[in-house]
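Going by this note's numbering, the letters in the sequence shown line up with residues 920 to 1229, in that order.
Below is one structure; the comments refer to it alone.
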Amino acid sequence: MKKFNHLVSVQQVSDRAFLDKLFALAADFQEHNTRNNALEGKILASLFFEPSTRTRFSFESAMLRLGGQVITSENASDYSSAKKGETLEDTVRTVAGYADCIVLRHPEKGAAQRAAQVSPVPIINAGDGSGEHPTQALLDMYTIQKEKGNMDGLTITIVGDLLYGRTVHSLVQLLALYRDIHIALVSPAQLRLPEEYKQNLRAQKISFKETEDFPGALQKADVVYMTRLQKERFSSQPDLLTLNVNKSSYILDEAALSQLSQNAIILHPLPRVDEISPIVDSDPRAAYFRQAQNGLYVRMALLQSVLDSA
Ligand code: NCD
């Protein structure tokens, strides 16, 4: 399998053959509930400057299940020397001397790229502000393939905060590797997908449309990908208040669910706030907790491909 030096953006994933191999390995780990010693002697540093539940725990669990070890800063903004004014570059250079790989989450777009420029060990981007979240997109794709069987002809309906949602930014670029798909982008006008990602889709001749018609988009969806409003990215409170009012029309509740076909699936990178009503959770189409579980196996496969020198 192709080896990454760093994984900063899904743009580095340029072929489906890589995904096929990664997903086959993840499926094998999942099927056998694997614990082995493939990464014995290796140390993963997780350096998180923003909150996380799934990403950090699943990376750390993945490392432990492969026999590696973990050092971690779960609140690096307060408990690393960043608090004293150390630059990200200096922190990364230092931690790289103690670990074989760094999983980094940071509030600034471009932080993972900056870290990669100075790090002698692989940097895995676990979210850089409103930039990207490439490993989330990998597990999203794995989940779609596992749940739907294949990608051909699918309509993927992505809903919510497309402006700041970094998982969406990575996902749309990864979807572009698949030819026969349709993407529906559903959001209030203020939260549309940034132009740079739309240009990428156009350049790759991927069929997509933007709409504010949530019920209409649900009717045509094979996959619904819900996202929360990224409140922490808004600088002004009035903007946020207007949006809070608008977003009530983008809630997946019982009524919205009735628009969805029986074979569709519902994804969400989580955390869910109020955009999916808890009543949806017991519906077999609700795949978001299965999706979060899949993240463990995809991250095991990724760590193995990044770190295994055998
Ligand atoms: C996402 C993130 O951090 O971007 N969470 C995650 O990693 N599953 C989504 C979010 O916070 O809304």
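Glycine is no exception: its CB is placed at the ideal position from the N, C-alpha and C atoms.
Fill in: Check: His1052 C-beta below 7 Å from any heavy atom of the ligand PLP
As far as ligands go, the structure on display features the ligand NCD and does not contain the ligand PLP.
Worksheet item: Between which two residues does the beta strand (DSSP E) harbouring Gly1046 extend?
Response: Residue numbering aside, residue 1046 sits at position 127 when the sequence shown is read from its first letter. Here the beta strand (DSSP E) through Gly1046 covers 1042-1047.
Worksheet item: Does the ligand NCD have even one heavy atom less than 7 Å from the beta-carbon of Gly1048?
Response: Your numbering for residue 1048 matches position 129 in the sequence shown. Checking every heavy atom of the ligand NCD against the Cβ of Gly1048, none is found closer than 7 Å.
Worksheet entry | Through-space distance from Gln1032 to Leu963, alpha-carbon basis | Your numbering for residue 963 matches position 44 in the sequence shown. Your numbering for residue 1032 matches position 113 in the sequence shown. If I take the Cα positions, the gap works out to 18 Å.
Discussion item. Can you tell me whether Pro1026 sits near the ligand NCD, meaning its C-beta is under 7 Å from at least one heavy atom of the ligand?
Written reply: Walking along the sequence shown from the start, residue 1026 turns up at place 107. False, no ligand heavy atom lies under 7 Å from that Cβ.
Practice prompt. Would you list the one or two residues that DSSP bridges to Val1022?
Written response: As a working note, residue 1022 is residue 103 in the sequence shown. Partner(s): Ser965, Ile1043.
Worksheet entry | Arg1085 Cβ short of 7 Å to the ligand NCD heavy atom set | Taking the first residue of the sequence shown as 1, we reach residue 1085 at position 166. Yes, the Cβ of Arg1085 comes within 7 Å of a heavy atom of the ligand NCD.
Worksheet item: So is the beta-carbon of Leu1189 under 7 Å away from any non-hydrogen atom of the ligand NCD?
Response: Against the sequence shown, residue 1189 aligns to sequence position 270. Result yes, Cβ under 7 Å from the ligand NCD.
Worksheet item: So, helix, strand or coil for His1187, using DSSP?
Response: Taking the sequence shown and counting its residues from 1, one reaches residue 1187 at position 268. It is coil, neither helix nor strand.
Discussion item. To the nearest angstrom, how far is the alpha carbon of Lys1067 from that of Leu944?
Written reply: Mapped onto the sequence shown, residue 1067 falls at position 148. Mapped onto the sequence shown, residue 944 falls at position 25. Going from the Cα of Lys1067 to the Cα of Leu944 covers about 18 Å.
Fill in: Test item: CB-CB of Gly1084 and Thr1146 under 8 Å
The residue given as residue 1084 occupies position 165 in the sequence shown. The residue given as residue 1146 occupies position 227 in the sequence shown. Cβ distance < 8 Å, so Gly1084 and Thr1146 count as in contact.
Fill in: Boundaries (first-last residue) of the alpha helix (DSSP H) holding Ser980
In the sequence shown, the residue the question calls residue 980 occupies position 61. Note, Ser980: alpha helix (DSSP H), 973-984.
Practice prompt. Rounded to whole angstroms, what's the CA-CA distance from Asn952 to Phe978? Just pull it up for me.
Written response: Stepping through the sequence shown from its first residue, residue 952 is reached at position 33. Stepping through the sequence shown from its first residue, residue 978 is reached at position 59. Going from the Cα of Asn952 to the Cα of Phe978 covers about 15 Å.
Worksheet item: Between the C-alpha atoms of Ala981 and Arg1218, what's the straight-line distance to the nearest angstrom?
Response: Start at 1 with the first residue of the sequence shown, and residue 981 comes out as number 62. Start at 1 with the first residue of the sequence shown, and residue 1218 comes out as number 299. When rounded, the distance between both Cα atoms is 6 Å.
Worksheet item: Can Arg1218 be considered in contact with the ligand NCD, in the sense that its beta carbon sits closer than 7 Å to one or more heavy atoms?
Response: Numbered from 1 along the sequence shown, position 299 holds the residue referred to as residue 1218. Arg1218 Cβ: outside cutoff for every heavy atom of the ligand NCD.
Worksheet item: Taking C-beta to C-beta, are Leu879 and Leu1058 nearer than 8 Å?
Response: In this structure the chain extends from 920 to 1229, so residue 879 is not present and cannot be described.
Worksheet item: Using the C-alpha atoms, what's the distance from Arg1098 back to Asn1182?
Response: On the sequence shown, residue 1182 is found 263 positions in, with the first residue counted as 1. On the sequence shown, residue 1098 is found 179 positions in, with the first residue counted as 1. Approximately 21 Å, taken between the alpha carbons.
Fill in: For Gln988, three-class secondary structure by DSSP
The residue you call residue 988 lines up with position 69 of the sequence shown. Here Gln988 sits in strand by DSSP.
Worksheet item: Does Asn955 get closer than 8 Å to chain C when you measure Cβ to Cβ?
Response: This model lacks chain C altogether; it includes just one protein chain.
Worksheet item: With burial defined as no fewer than 16 other Cβ atoms inside 10 Å of the residue's Cβ, what is the status of Tyr998: buried or exposed?
Response: On the sequence shown, residue 998 is found 79 positions in, with the first residue counted as 1. When all chains shown are included, Tyr998 counts as exposed.
Discussion item. For Arg973, which residues in the same chain have their Cβ closer than 7 Å to its Cβ, ignoring the five residues on either side in sequence?
Written reply: Position 54 of the sequence shown, counted from the start, is the residue given in the question as residue 973. Cβ neighbours of Arg973 beyond the five flanking positions: Leu1189, Ala1211, Gly1214.
Worksheet entry | Run of the alpha helix (DSSP H) containing Leu1226, from where it starts to where it stops | The residue labelled residue 1226 in the question sits at position 307 within the sequence shown. It spans 1207-1226 - the alpha helix (DSSP H) in which Leu1226 sits, taken as one unbroken run.
Discussion item. Given the structure, does Thr1010 come close to the ligand NCD, in the sense that its CB is under 7 Å from one of the ligand's heavy atoms?
Written reply: Taking the sequence shown and counting its residues from 1, the one referred to as residue 1010 is at position 91. Result no, Cβ not under 7 Å from the ligand NCD.
Worksheet item: So which of Pro1053, Leu1112, Asp1132, Pro1107 has the shortest CA-CA distance to Leu1093?
Response: Taking the sequence shown and counting its residues from 1, one reaches residue 1093 at position 174. Leu1093 has its Cα closest to that of Pro1053, out of Pro1053, Leu1112, Asp1132, Pro1107.
Worksheet item: Apart from the five residues on each side of it in sequence, which residues of its chain come closer than 8 Å, Cβ to Cβ, to Thr1010?
Response: Counting from 1 along the sequence shown, the entry for residue 1010 is found at position 91. Taken in chain order, the residues that qualify are Leu966, Ala995, Ser999, Ser1000, Ala1001.
Worksheet item: Are His976 and Val1225 close, meaning C-beta to C-beta below 8 Å?
Response: By 1-based counting over the sequence shown, the position of residue 976 is 57. By 1-based counting over the sequence shown, the position of residue 1225 is 306. According to the sequence displayed, residue 976 carries Phe and not His. Not closer than 8 Å, so no.
Fill in: Check: Arg973 C-beta below 7 Å from any heavy atom of the ligand NCD
Residue numbering aside, residue 973 sits at position 54 when the sequence shown is read from its first letter. Yes, Cβ of Arg973 sits closer than 7 Å to a heavy atom of the ligand NCD.
Item to complete: On a CA-only basis, which of Glu969, Lys1003, Gly1004 is nearest Thr991? Give me that one, please.
Response: Numbered from 1 along the sequence shown, position 72 holds the residue referred to as residue 991. Of the candidates Glu969, Lys1003, Gly1004, the one whose C-alpha sits nearest the C-alpha of Thr991 is Glu969.
Worksheet item: Which residue from Glu1114, Gln1118, Asp1080 puts its Cα closest to that of Ser1106?
Response: Here residue 1106 refers to the residue found at position 187 when the sequence shown is read from its first residue. Ser1106 has its Cα closest to that of Asp1080, out of Glu1114, Gln1118, Asp1080.
Practice prompt. Give every residue of the same chain whose Cβ lies closer than 6 Å to the Cβ of Gln930, excluding the five residues on either side of it in the sequence, and list them in chain order.
Written response: Within the sequence shown, residue 930 is the residue found at index 11, counting from 1. Once the five neighbours on either side are set aside, Gln930 has no close Cβ partner at all.
Worksheet item: Opposite Met1070 in the DSSP bridges: which residues?
Response: Translated into positions along the sequence shown, residue 1070 becomes position 151. BP columns for Met1070 are empty, so no partner.
Worksheet item: Whose C-beta lies closer than 6 Å to the C-beta of Leu1112 among residues of the same chain, with five residues either side of it excluded?
Response: Sequence index remark: in the sequence shown, residue 1112 carries index 193 (1-based). Closer than 6 Å at the Cβ level, and outside the excluded window around Leu1112, lie Leu1081, Leu1104.
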